[in-house]
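S.K.:
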Amino acid sequence: MGNEIAADTGRPELAPREYMENFGEFIGVGPNGNLWVDGCDVAELAERFGTPLFIISENQFRYTYRQFRDAFRKHYPGESEILFANKSNNGLAYRHIMNQEGAGGDCFGVNEMYLSLLAGTNPQTLVLNGSNKQDEELEMAVANGVCINIDAMDELDRIDAVCRRQGREVSIGIRLKLDLEPLAERSGVAMHGPGTLKEQSDSTKWGMTREQTVEIVRKAQKMPHIHLKETHFHLSRMSNVAMDFAIMAREMITWSGYIRDETGWTPPCIDIGGGWTFGKWYGTGPRTQLDDDSAPTADDYARLCTQEIKAEAGRLGLPLPKLRLEPGRSLSGPSGVAVGTVGAVKQGARKKWVNLDLSTNHLSWSAALDWYYHPVPVRDARANRSETVDLVGPLCNSDELGPHVRMPGLKRGDLVAFLDTGGYTEPCAARYNAQLLPASVLVSGTSAEVTTVREQLQDIAGRFRVPPRLLAASFARR
Ligand SMILES: Cc1ncc(COP(=O)(O)O)c(C=O)c1O
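Printed below as a string of structure tokens:
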């Protein structure tokens with residue numbers, strides 16, 4: 028079942044695996060009944076690399092990317108380009124994989140941009156987003172030819188000043204504050220507090236109003252160093268309904284018409300952001316709107332967005348723009364598995380708690396967004412789930428990773444994996460209770476290589492400083 032690597036591109040031909048039970052194309056219950064990632068038994072990986080452990084399937088990541096790429100190629104008659112949202116898993120190895128696949132990237136902040144450039148990503152395929160860009164970011168973006176999506180009224184002048192100083196030109200986009208009137212009654216996942224999709228979007232700091240957008244365009248048109256390249260919007264993970272995204276994309280075209288009428292400039296490219304979901308038959312995602320088999324696929328998004336963009340462009344007599352999209356979670360999420368080891372198992376009067384060494388430090392969305400990740404016993408993964416337990420971490424809070432889940436009788440030393448944890452886990456991992464950040468390994472076929480080394484105590488303790496006067500006072504007391 029080896030995947031051949033095409034010599035010229037580094038891109039392997041991908042043949043999905045058939046497991047006893049498939050959780051993805053490259054994740055499932057392997058021949059010995061354990062959970063496998065590609066050609067590796069997760070129990071062996073846990074033994075070799077320790078827990079808590081993040082495991083990423085390289086081939087799943089590539090496969091999911093290709094599904095998105097191919098869906099938009101199939102449905103959208105114009106050019107389309109996928110910019111992987113680096114924030115969802117910004118490790119260098121993953122950026123290299125995306126480079127090989129031909130994907131661009133959405134960078135947030137100077138360090139994500141630096142990491143992308145360090146990994147050799149073509150700067151023309153990167154965008155820099157952010158509501159409060161620092162001078163250092165603008166300098167780096169201009170020096171390397173990275174498109175900057177403007178999100179503040181003073182940003183254009185600052186970029187222009189950098190261009191003049193460096194003697195370089197740069198492309199810009201403008202992040203829009205869409206009106207989203209057609210979504211005024213729609214509600215979804217409360218990512219940004221309560222309210223409808225429109226209310227949630229309106230309440231965030233992102234984007235420029237119509238008037239502000241027009242002002243920026245008019246000003247930029249007079250700046251010889253500045254090239255207007257795109258408009259941008261990101262609906263965020265507020266909805267799991269594909270049509271909501273299509274309506275958003277349609278409104279971007281409506282704005283293109285307005286911008287053209289006001290300024291004479293028609294955006295040649297629209298970047299419709301990320302927020303795209305994915306579903307699994309066993310369920311994953313926000314508990315308020317769990318994603319299962321019925322969740323939209325890349326094909327649904329591509330078909331519906333194309334339909335709405337085409338209709339609106341036709342109505343307004345606009346050419347079809349180049350389409351950029353910035354999926355994060357939908358690409359990285361399904362490729363990752365997080366593994367923990369069972370410690371104390373406690374039976375209470377009404378409940379049983381199974382403690383793991385994995386915590387909400389590592390799966391922070393479980394706590395912050397009430398996110399559900401499907402847990403699977405690693406050894407004998409299809410064992411009868413005979414008990415209802417709370418899977419908890421060791422932190423000094425309730426640290427619930429999986430409340431009220433069905434599991435086989437678990438005991439100290441057993442392993443539990445959470446599926447679909449490839450996005451926003453490692454980049455969001457915290458150190459509460461001085462927990463050390465886990466290692467990550469990349470699996471491809473039967474090989475497994477460390478992509479992030481496990482943190483050591485010295486990494487935490489070494490950053491601490493005690494002002495000498497405190498030292499003196501402590502020792503004086505003895
Ligand atoms: C501008 C932008 N693009 C893309 C994304 C990726 O979103 P997701 O991972 O939900 O696809 C984000 C996430 O915050 C974002 O802010």
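When we follow this note's numbering, the leftmost residue of the sequence shown carries the number 28, and every step to the right adds one.
Where a beta carbon is used, it is the ideal one built from N, C-alpha and C, also for glycine.
Determine the DSSP secondary structure at I177, reduced to helix, strand or coil.
M.R.: Looking at I177 - three-state DSSP - the assignment turns out to be strand.
S.K.: Mind checking whether F81 and S362 have CB atoms under 7 Å apart?
M.R.: Cβ atoms of F81 and S362: not closer than 7 Å.
S.K.: For E182, decide whether its Cβ has a neighbour in chain C, counting only Cβ atoms nearer than 7 Å.
M.R.: Reference to chain C is not applicable here, since this structure consists of a single protein chain.
S.K.: Using a threshold of 7 Å, state whether the C-beta atoms of G215 and L224 are closer than that.
M.R.: Yes. Within cutoff.
S.K.: Going residue by residue through the region 411 to 481, where are the continuous alpha helix (DSSP H) segments of at least 4 residues, counting only ones entirely within it?
M.R.: Listed in chain order, there is nothing to give.
S.K.: Under the three-state reduction of DSSP, which class applies to F95: helix, strand or coil?
M.R.: Note: F95 maps to helix in three-state DSSP.
S.K.: To the nearest angstrom, how far is it from the Cα of V64 to the Cα of A130?
M.R.: Near 24 Å, if we compare the C-alpha coordinates of A130 and V64.
S.K.: Between N49 and R406, which are expected to be in contact by the criterion C-beta below 8 Å, what is the C-beta distance as a whole number of angstroms?
M.R.: The Cβ separation is near 18 Å, so there is no contact.
S.K.: Quick check: is any heavy atom of ligand 1 less than 6 Å from the C-beta of E353?
M.R.: Under cutoff, so the answer is yes.
S.K.: Are the region 166 to 179 and the region 138 to 156 touching, with three or more C-beta to C-beta distances below 8 Å?
M.R.: These segments touch.
S.K.: Leaving out the 5 sequence neighbours to the left and right, which residues in its chain are closer than 8 Å to L183 when beta-carbon positions are compared?
M.R.: So the list reads I177, I199, I243, K246, A247, M250, I253, once near-sequence residues are dropped.
S.K.: Any chance the region 132 to 144 sits against the region 371 to 383, with 3 or more Cβ pairs inside 8 Å?
M.R.: No, the region 132 to 144 is not in contact with the region 371 to 383.
S.K.: Which one of T78, T333, W303 has the shortest CA to CA distance from P354?
M.R.: Nearest option by C-alpha distance: W303.
S.K.: So is the beta-carbon of D133 under 6 Å away from any non-hydrogen atom of ligand 1?
M.R.: Yes, the beta carbon of D133 sits closer than 6 Å to at least one heavy atom of ligand 1.
S.K.: Kindly indicate which three-state DSSP category W392 falls into: helix, strand or coil?
M.R.: Residue state, collapsed to three classes: helix.
S.K.: Using three-state DSSP, classify I280 as helix, strand or coil.
M.R.: In the structure shown, I280 sits in a helix (DSSP, three-state: H, G or I).
S.K.: Just list the beta strand (DSSP E) runs in the region 81 to 154, keeping only unbroken ones of 3 residues or longer that don't cross its boundaries, in chain order.
M.R.: The region 81 to 154 contains these whole beta strand (DSSP E) runs: 107 to 112, 131 to 135.
S.K.: Classify L343 as helix, strand or coil using the three-state DSSP reduction.
M.R.: In this structure, L343 counts as helix in the three-state DSSP scheme.
S.K.: Taking only heavy atoms of ligand 1 into account, decide whether any of them is closer than 6 Å to the Cβ of W303.
M.R.: Within the cutoff, so yes.
S.K.: Any heavy atom of ligand 1 closer than 6 Å to the Cβ of A120?
M.R.: No, the beta carbon of A120 sits no closer than 6 Å to any heavy atom of ligand 1.
S.K.: Compute the minimum distance between the beta carbon of S115 and the heavy atoms of ligand 1, and state whether it is under 6 Å.
M.R.: It does: the Cβ of S115 is within 6 Å (strictly closer) of some heavy atom of ligand 1.
S.K.: Between the region 454 to 472 and the region 427 to 440, do three or more beta carbon pairs fall short of 8 Å?
M.R.: Result no; under three Cβ-Cβ pairs closer than 8 Å.
S.K.: According to DSSP, what are the bridge partners of H401?
M.R.: In the DSSP output, where bridge partners are listed per residue, H401 has none listed.
S.K.: As a quick exercise: from V477, V364, D326, pick the residue whose alpha carbon is nearest that of K101.
M.R.: Minimum Cα distance to K101 is reached at D326.
S.K.: Among V366, A488, D318, whose alpha-carbon lies nearest the alpha-carbon of E74?
M.R.: Residue V366 is the option with its Cα nearest to E74.
S.K.: Quick one, which of D447, D426, I83 has its alpha-carbon nearest A457's?
M.R.: Selected option, being the one with the closest Cα: D426.
S.K.: Can you list, in chain order, the residues of its chain whose CB lies under 6 Å from that of E139, leaving out five sequence neighbours each side?
M.R.: N113, N117.
S.K.: Is there at least one non-hydrogen atom of ligand 1 closer than 6 Å to the beta-carbon of G300?
M.R.: Flag set: Cβ of G300 near ligand 1.
S.K.: In the DSSP output, what is M235 paired with across the bridge?
M.R.: Paired residues: L203.
S.K.: Roughly how many angstroms lie between the CA atoms of W392 and D417, to the nearest whole one?
M.R.: C-alpha separation (whole angstroms): 17 Å.
S.K.: Can you tell me whether DSSP reads D288 as helix, strand or coil?
M.R.: Correct three-state label for D288: helix.
S.K.: Heavy atom of ligand 1 less than 6 Å from the Cβ of H254, yes or no?
M.R.: Outside the cutoff, so no.
S.K.: Hey, how far is the Cα of F99 from the Cα of T324?
M.R.: So the alpha carbons of these two residues sit roughly 11 Å apart.
S.K.: How would you label V69, buried or exposed, when you count the other beta carbons within 10 angstroms and need 16 or more for buried?
M.R.: Classification of V69: buried, given that the 10 Å Cβ count is 16 or more.
S.K.: To the nearest angstrom, how far is it from the Cα of M28 to the Cα of R44?
M.R.: Bear in mind that a pLDDT of 41 at M28, under 50, signals an unreliable position, so the model cannot answer this.
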